[in-house]
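Numbering (the working numbering), first residue to last: 8 to 409.
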């Protein structure tokens with residue numbers, strides 16, 4: 008049974024990573040739904056309704072409650088599950104709650120502005136080929152030093168900001184502090200202050216935050232292959248020579264950039280094979296993706312109220328997808344895979360949408376009733392690469408030791 012708590016976004020977002028840390032602290036099962044920007048999920052009216060009034064590409068949904076701002080989400084989680092997981096997260100009485108709220112306000116009003124500015128200017132602007140604003144960097148660094156001086160004095164008196172227990176007051180600092188320490192050359196601002204550094208070492212080694220870092224390592228590796236989703240949630244592949252902004256282009260680029268690594272057949276080995284693969288990549292993008300993406304959104308992502316009045320649209324997309332799969336059925340009666348007898352990008356590109364449809368009890372028949380399509384799905388979905396991706400998306404278990 009799917010978790011009732013849903014988080015829409017990417018762990019690479021500071022807003023999402025803040026919420027995920029809170030969920031891990033409270034041992035709350037959840038479903039992380041990565042919004043595929045290249046498929047336009049964030050532009051669909053149903054998702055835009057969830058984003059109002061801030062227009063953010065991050066949303067939290069539980070039962071009939073939809074929240075958008077990460078700190079509000081953390082408060083909600085802490086109040087909704089007071090006796091689950093970390094029971095001290097939001098304080099245990101009026102005085103403790105007041106102290107936590109005081110430092111939550113300090114984070115959003117004094118810590119977040121200069122750190123967000125530094126992170127953008129130092130970590131993201133270069134990748135976006137934007138000129139760094141040196142005045143903004145200088146002012147933000149000066150302001151952050153002042154804030155950290157105040158924190159250092161406070162942390163001389165207590166282990167954590169709101170007392171001697173780890174709370175939301177500390178948790179909300181984790182995403183930006185992480186980027187300052189690991190993604191910029193300003194980590195010394197935190198590490199040079201004895202009490203702040205001791206506090207940072209303590210909070211950054213929380214099992215909950217380590218779980219989030221594991222997710223960040225998966226989605227945003229810092230080695231030669233790098234996928235970075237920044238504050239603007241732009242899906243980008245970057246290396247020293249080129250930038251690509253659409254997932255199929257990213258896959259083509261990876262296959263061309265590393266022809267002798269891993270699966271050497273992904274993009275074919277000659278002009279004829281390459282042409283066949285490109286033909287089916289276009290078929291996926293133009294014929295398979297539109298109806299399947301719409302069905303996936305309405306069946307898996309959209310809140311129940313968003314599907315009301317959409318029955319006709321859903322039926323039309325289902326009928327269209329049937330026609331597409333009928334064509335696939337004929338082709339797959341001739342070859343093992345779409346572009347021939349080797350697994351290629353032509354097949355790989357179908358995996359995400361097909362996965363959601365096959366695992367929906369109402370739409371599974373679209374694949375299952377077509378012998379060749381069903382055989383093909385069984386083979387591509389058992390690829391080691393895809394099984395690893397599915398494992399990443401599974402609902403997280405409770406934290407060890409809790």
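Glycine residues also receive a C-beta, built at the ideal position from the N, C-alpha and C atoms. Remember, predicted model here, so these are calculated numbers, not experimental data.
Exposure of residue i, with buried meaning 16 or more beta-carbon neighbours within 10 Å
| i | result |
| --- | --- |
| residue 23 | buried |
| residue 200 | buried |
| residue 62 | Only weak support exists for where residue 62 lies, its pLDDT of 38 falling under 50; the value from the coordinates is given anyway. It is exposed - the Cβ of residue 62 has fewer than 16 other Cβ atoms within 10 Å. |
| residue 396 | exposed |
| residue 228 | Confidence at residue 228 is low in this model, with a pLDDT of 40, below 50, so its placement is unreliable and no value can be given for it. |
| residue 279 | exposed |
| residue 247 | Unreliable placement is indicated for residue 247, whose pLDDT of 30 sits below 50; the coordinate value is still reported in the next sentence. With fewer than 16 other Cβ atoms within 10 Å, it is exposed. |
| residue 320 | exposed |
| residue 142 | exposed |
| residue 90 | exposed |
Close Cβ partners of residue i (< 7 Å) along its chain, the five nearest in sequence each way excluded
| i | result |
| --- | --- |
| residue 111 | 78, 175, 176, 179 |
| residue 117 | 154 |
| residue 165 | 171 |
| residue 130 | 186, 190, 191 |
| residue 347 | 280, 283 |
Nonlocal neighbours in the same chain, by C-beta distance under 6 Å from residue i, ignoring five residues either side
| i | result |
| --- | --- |
| residue 198 | 204 |
| residue 52 | For residue 52, the pLDDT reaches just 42, beneath the cut-off of 50, and the residue's location in the model is therefore unreliable, although a value from the coordinates is still provided. Excluding positions up to five away in sequence, the list is empty. |
| residue 354 | 344, 345, 387 |
| residue 375 | 381 |
| residue 350 | 344 |
| residue 340 | 379 |
First and last residue of the uninterrupted beta strand (DSSP E) at residue i
| i | result |
| --- | --- |
| residue 329 | Segment 318-339 is the alpha helix (DSSP H) holding residue 329; no beta strand (DSSP E) there. |
| residue 138 | Segment: none, residue 138 is in no beta strand (DSSP E) and carries neither H nor E. |
Residue j beta carbon less than 8 Å from that of residue i
| i | j | result |
| --- | --- | --- |
| residue 169 | residue 103 | yes |
| residue 306 | residue 379 | no |
| residue 121 | residue 21 | no |
| residue 300 | residue 360 | yes |
| residue 207 | residue 28 | no |
| residue 14 | residue 39 | yes |
| residue 325 | residue 302 | yes |
| residue 328 | residue 373 | yes |
| residue 162 | residue 212 | no |
Residue i, enclosing alpha helix (DSSP H) - first and last residue
| i | result |
| --- | --- |
| residue 23 | 21-32 |
| residue 141 | 141-164 |
| residue 355 | 352-355 |
| residue 13 | Residue 13 -> not in any alpha helix (DSSP H); beta strand (DSSP E) instead, spanning 12-15. |
| residue 129 | Per DSSP, residue 129 belongs to no alpha helix (DSSP H) and is neither H nor E. |
| residue 364 | 358-365 |
| residue 91 | Counting along the chain, residue 91 falls outside any alpha helix (DSSP H), and DSSP gives it neither H nor E. |
| residue 109 | 101-113 |
Residues near residue i by beta carbon distance below 8 Å, same chain, minus five either side
| i | result |
| --- | --- |
| residue 371 | 364, 365 |
| residue 377 | 332, 333, 335, 336 |
Within-8 Å CB hit, residue i to chain C
| i | result |
| --- | --- |
| residue 271 | As a matter of chain content, chain C is missing from the structure shown, which is built from one protein chain. |
Exercise. Would you say the stretch 119-127 touches the stretch 189-196, given that touching needs at least three Cβ pairs under 8 Å?
Worked result: The stretch 119-127 vs the stretch 189-196: in contact.
Problem set entry | At least three beta-carbon pairs within less than 8 Å, the stretch 95-109 to the stretch 142-161 | Inter-segment contact for the stretch 95-109 and the stretch 142-161 is absent: fewer than three beta-carbon pairs are separated by less than 8 Å.
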